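Positions 0 to 214 (numbering that gives the first Met the number 0) are the ones given, in order, by the sequence shown.
Built from N, CA and C at the ideal position, the CB exists for glycine as well.
Just so you know, these numbers come straight off a predicted model, no measurement behind them.
The block underneath contains the structure these notes are about, expressed in structure tokens.
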Amino acid sequence: MNLDTAAPPLWDYDLIADRLRGPGWAFLPNGLDTALALDLLQDLHQLPDDQWRQAGIGRRQDHHTNDLIRRDAICWLDGRSSAQQRYLATTDALRLELNRRLLLGLFDYECHYARYGSGAFYRKHLDAFRGRSNRVLTTVTYLNPDWQPDNGGELLIYDLDDTELARVQPSLGAMVIFLSEDFPHEVLAANRNRFSIAGWFRRNNSTADWVDPAR
């Protein structure tokens with residue numbers, strides 16, 4: 000399936016909501032303002048090395064690293080810079096608007112920078128398993144100026160029957176939003192460094208005896 004190059008800007012909330020109702024995912028080729036995307040890229044490059052860690056798989060007691068599955072490094076966004084604050088304010092506005100239109104009960108948003116060195120990848124996976132996670136919507140935002148098709152590094156999106164739905168080139172400002180439980184996806188290896196922000200809109204599963212999230 001070819002991507003819809005006429006996809007709406009990120010902040011056309013009605014059209015985003017319509018796409019999440021069906022087919023359940025949206026591709027936004029100009030989802031993030033170019034100036035903000037470049038500011039985030041600069042922020043990412045200014046992070047000290049000790050802020051980055053090898054990405055893992057699984058959550059809580061099942062969390063571990065496996066470089067046969069993924070080889071990226073991550074750093075969580077916490078609003079420490081102006082660029083991060085602006086991005087988080089933008090995603091919070093999206094959260095409120097999608098709650099208003101889709102009644103999703105989205106409680107918060109967590110996200111991290113992802114740094115893929117040349118040759119790094121992330122094998123096919125789901126961000127949430129039905130009934131076992133509070134992740135509702137996944138977002139991926141790309142921070143790569145002048146990305147060329149032969150650079151590789153595409154995001155592949157599948158349905159639950161493993162049919163490929165789309166290949167997304169990780170170009171500066173492009174964004175993808177999809178239902179976390181419904182779309183397996185993978186990151187193909189690139190031949191240059193590749194940067195993005197992976198994020199999740201979540202429901203709150205806290206109880207009197209258990210605080211969610213804990214990371």
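(message) Determine whether the beta carbon atoms of isoleucine 176 and alanine 165 lie at a separation below 8 Å.
(response) Taking the sequence shown and counting its residues from 1, the one referred to as residue 176 is at position 177. Taking the sequence shown and counting its residues from 1, the one referred to as residue 165 is at position 166. No, the pair does not count as a contact, with Cβ atoms beyond the cut-off.
(message) Suppose the cutoff is 7 Å on Cβ atoms and the five residues either side in sequence are ignored; what does the same chain contact list for aspartate 61 look like?
(response) Taking the first residue of the sequence shown as 1, we reach residue 61 at position 62. Its pLDDT being 47, under 50, aspartate 61 is placed unreliably by the model, and nothing is read from it.
(request) Would you mind stating whether glutamine 168 and glutamate 185 have Cβ atoms separated by less than 8 Å? (result) Along the sequence shown, one-based indexing puts residue 168 at 169. Along the sequence shown, one-based indexing puts residue 185 at 186. No. Outside cutoff.
(request) Please report how far the alpha carbon of proline 148 lies from the alpha carbon of proline 183, in whole angstroms. (result) On the sequence shown, position 149 is the one that residue 148 refers to. On the sequence shown, position 184 is the one that residue 183 refers to. Between proline 148 and proline 183, the alpha-carbon positions lie close to 22 Å from each other.
(request) Give the DSSP bridge partners of tryptophan 51, in chain order. (result) Taking the first residue of the sequence shown as 1, we reach residue 51 at position 52. Its beta-bridge partners do not exist; DSSP assigns none.
(message) By the three-class DSSP mapping on this structure, what secondary structure does glutamate 32 have?
(response) As a first step, residue 32 must be located in the sequence shown, where it is residue number 33. Before going on, a small fix: residue 32 reads as aspartate here, not glutamate. Coil.
(message) How far does the alpha helix (DSSP H) with leucine 178 in it extend, from its first residue to its last?
(response) As a first step, residue 178 must be located in the sequence shown, where it is residue number 179. Taken as a continuous stretch (DSSP letters only), leucine 178 belongs to no alpha helix (DSSP H), being part of the beta strand (DSSP E) at 174 to 178.
(request) Check whether the Cβ atoms of alanine 119 and aspartate 48 lie closer than 8 Å to each other. (result) Indexing the sequence shown from 1 puts residue 119 at position 120. Indexing the sequence shown from 1 puts residue 48 at position 49. Cβ atoms of alanine 119 and aspartate 48: not closer than 8 Å.
(request) Just tell me which of Arg202, Met174, Asp160 and Arg201 has its CA closest to the CA of tryptophan 24. (result) Counting from 1 along the sequence shown, the entry for residue 24 is found at position 25. Residue Met174 is the option with its Cα nearest to tryptophan 24.
(message) Let me make sure I understand the geometry here. Which of Gly30, Cys74 and Asp126 has the alpha-carbon closest to that of leucine 43?
(response) For the purposes of this step, residue 43 is identified with residue 44 of the sequence shown, where counting begins at 1. Across the set Gly30, Cys74 and Asp126, the C-alpha of Cys74 shows the shortest separation from the C-alpha of leucine 43.
(request) Measure the alpha-carbon distance for alanine 113 versus phenylalanine 194 and round it to whole angstroms. (result) In the sequence shown, the residue the question calls residue 113 occupies position 114. In the sequence shown, the residue the question calls residue 194 occupies position 195. Taking the straight line from one Cα to the other gives about 6 Å.
(request) Report, in whole angstroms, the separation of the C-beta atoms of alanine 197 and valine 139, which I expect to be a contact under 8 Å. (result) Locating residue 197 in the sequence shown gives position 198, where the first residue counts as 1. Locating residue 139 in the sequence shown gives position 140, where the first residue counts as 1. Contact holds; Cβ gap of about 6 Å.
(request) Give the straight-line distance between the Cα atoms of aspartate 13 and glutamine 41, rounded to the nearest whole angstrom. (result) Translated into the one-based positions of the sequence shown, residue 13 becomes position 14. Translated into the one-based positions of the sequence shown, residue 41 becomes position 42. In a straight line, the C-alpha of aspartate 13 is about 31 Å away from that of glutamine 41.
(request) Would you kindly check if the distance between the Cβ of asparagine 192 and the Cβ of serine 80 is under 8 Å? (result) If you number the sequence shown from 1, residue 80 lands on position 81. If you number the sequence shown from 1, residue 192 lands on position 193. Cβ distance not < 8 Å, so serine 80 and asparagine 192 don't count as in contact.
(request) Starting from phenylalanine 194, follow its DSSP beta bridges and name the residues at the other end. (result) Position 195 of the sequence shown, counted from the start, is the residue given in the question as residue 194. Phenylalanine 194 is bridged to Arg114.
(request) Starting from isoleucine 73, trace the beta strand (DSSP E) both ways and give me its first and last residue. (result) Taking the sequence shown and counting its residues from 1, one reaches residue 73 at position 74. Where isoleucine 73 is concerned, the enclosing beta strand (DSSP E) starts and stops at 72 to 75.
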